[in-house]
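So the sequence shown is residues 5 to 126, counted in our numbering.
Backbone N, C-alpha and C define an ideal beta-carbon position, used for all residues, glycine too.
Here is the structure we will look at, set down as structure tokens.
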Amino acid sequence: MRKFIRGFGFAFNGIWHTSVTQLNFRVHLIAAVVAVYAGYSLHISTQEWLWIILCIGMVLIAELFNTAIEFLTDLVSPEYNKKAGLVKDMSAGAVLIAAICALVIGIIIFVPKLLLLINHAS
């Protein structure tokens, strides 16, 4: 049981290290806070919350994997290597795809609510 609990400590350490050292992870965390605030303010439905939570998780997980792949690539190939560079580019591409999907889902959920709010105010 002790090993199991220690595993959580290692996981939180990885998340903490990534949030302290990686600007992109912090940007995604800020975007997550903005999305949660917008969802709360615009009273989104339970189903919409599920999509927002899924998107936040997907992007943060992708960023954690990207960081891990970059660290590992730098460890195994400290000198410039074209294939190592491509590995890093591909993992960054995965984050980009996750972020674009999250953005599109956010637009689908939030824009109609914002337009309603604007039309109602005028």
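Where the alpha helix (DSSP H) through residue i begins and ends
| i | result |
| --- | --- |
| residue 21 | 6–25 |
| residue 67 | 50–80 |
| residue 95 | 86–125 |
Proximal residues to residue i (C-beta, below 7 Å), its chain only, five neighbours per side dropped
| i | result |
| --- | --- |
| residue 55 | 109 and 113 |
| residue 39 | 56, 60 and 110 |
Reference residue i, options the options, closest by Cα
| i | options | result |
| --- | --- | --- |
| residue 73 | 111, 63, 85 and 94 | 94 |
| residue 61 | 124, 81 and 37 | 37 |
| residue 35 | 104, 121 and 119 | 104 |
| residue 71 | 92, 124 and 7 | 92 |
| residue 100 | 80, 67, 85 and 111 | 67 |
| residue 96 | 24, 6, 83 and 75 | 75 |
Residue burial classification, residue i (beta-carbon count within 10 angstroms, cutoff 16)
| i | result |
| --- | --- |
| residue 22 | buried |
| residue 15 | exposed |
| residue 58 | exposed |
| residue 107 | exposed |
| residue 32 | buried |
| residue 29 | buried |
Distance cut-off 7 Å: residue i Cβ against heavy atoms of the ligand GDP
| i | result |
| --- | --- |
| residue 49 | Among the components of this structure there are no ligands whatsoever, and the ligand GDP is therefore not found. |
Nonlocal neighbours in the same chain, by C-beta distance under 8 Å from residue i, ignoring five residues either side
| i | result |
| --- | --- |
| residue 53 | 43 |
Contact set for residue i: own chain, Cβ-Cβ below 6 Å, skip 5 residues either direction
| i | result |
| --- | --- |
| residue 117 | 46 |
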